[in-house]
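*Asks:*
Residue numbers (the numbering used here): 85 to 251.
Below, the structure is given as structure tokens:
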């Protein structure tokens, strides 16, 4: 079901021409991807962190787009096609919900694609990023992100105004 939404979202993304619409669809696509990852793995920390990182990136893009194209209006040339796709999607969802073969009683076992991992192995794999050889990479990534943050704050200079020059 989530995979169907992702396919419809991808098709709709190709019809968009405004960056704000594309950003919203990209955020929804990321939410669906994180849901798929969270339902597939036994722990949801990876999907949660992935969504938070992507949301932070989308906020930066949102600020940039509002400063560059603040007065641009939304125009939809493909409104009839989008309405038709939404109606087809709703009909497809109703058919999927009414079909007794798509509903299973043990959905947690069907959703999990990696049943060979048990809880002990999952906890062990989570603690591996803080063990000796991998801890150096983790510390390097933290320092790299901190350095990037400091450079970006230095570049933007709050007292100089917006990034876009006004006429």
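Backbone N, C-alpha and C fix where the C-beta goes; we use that ideal spot for every residue, glycine too.
#1: Beta-carbon separation of residue 116 and residue 91 under 7 Å?
#2: Residue 237 by DSSP, collapsed to three states: which one?
#3: Would residue 131 be called buried (16 or more neighbouring beta carbons within 10 Å of its own) or exposed?
#4: Ends of the alpha helix (DSSP H) at residue 126?
#5: Given 8 Å as the limit, is there contact between the region 134 to 145 and the region 100 to 116, that is, 3 or more CB pairs closer than that?
#6: DSSP three-state label for residue 93, please.
#7: Compute the Euclidean distance between the alpha carbons of residue 219 and residue 94, then round it to the nearest angstrom.
#8: Answer with buried or exposed for residue 135, where buried requires no fewer than 16 other C-beta atoms within 10 angstroms of its C-beta.
#9: Does DSSP classify residue 101 as helix, strand or coil?
#10: So, at 7 Å on beta carbons, what are the nonlocal neighbours of residue 122 in its own chain, with the 5 sequence-adjacent residues on each side left out?
#11: Give a yes or no on whether the C-beta atoms belonging to residue 114 and residue 138 are separated by under 7 Å.
#12: One question on the structure: do residue 217 and residue 149 come within less than 7 Å of each other, judged by their Cβ atoms?
*Replies:* The short version:
#1: no
#2: helix
#3: buried
#4: Run containing residue 126: none; DSSP gives neither H nor E here.
#5: yes
#6: helix
#7: 37 Å
#8: buried
#9: coil
#10: 128, 131
#11: yes
#12: no
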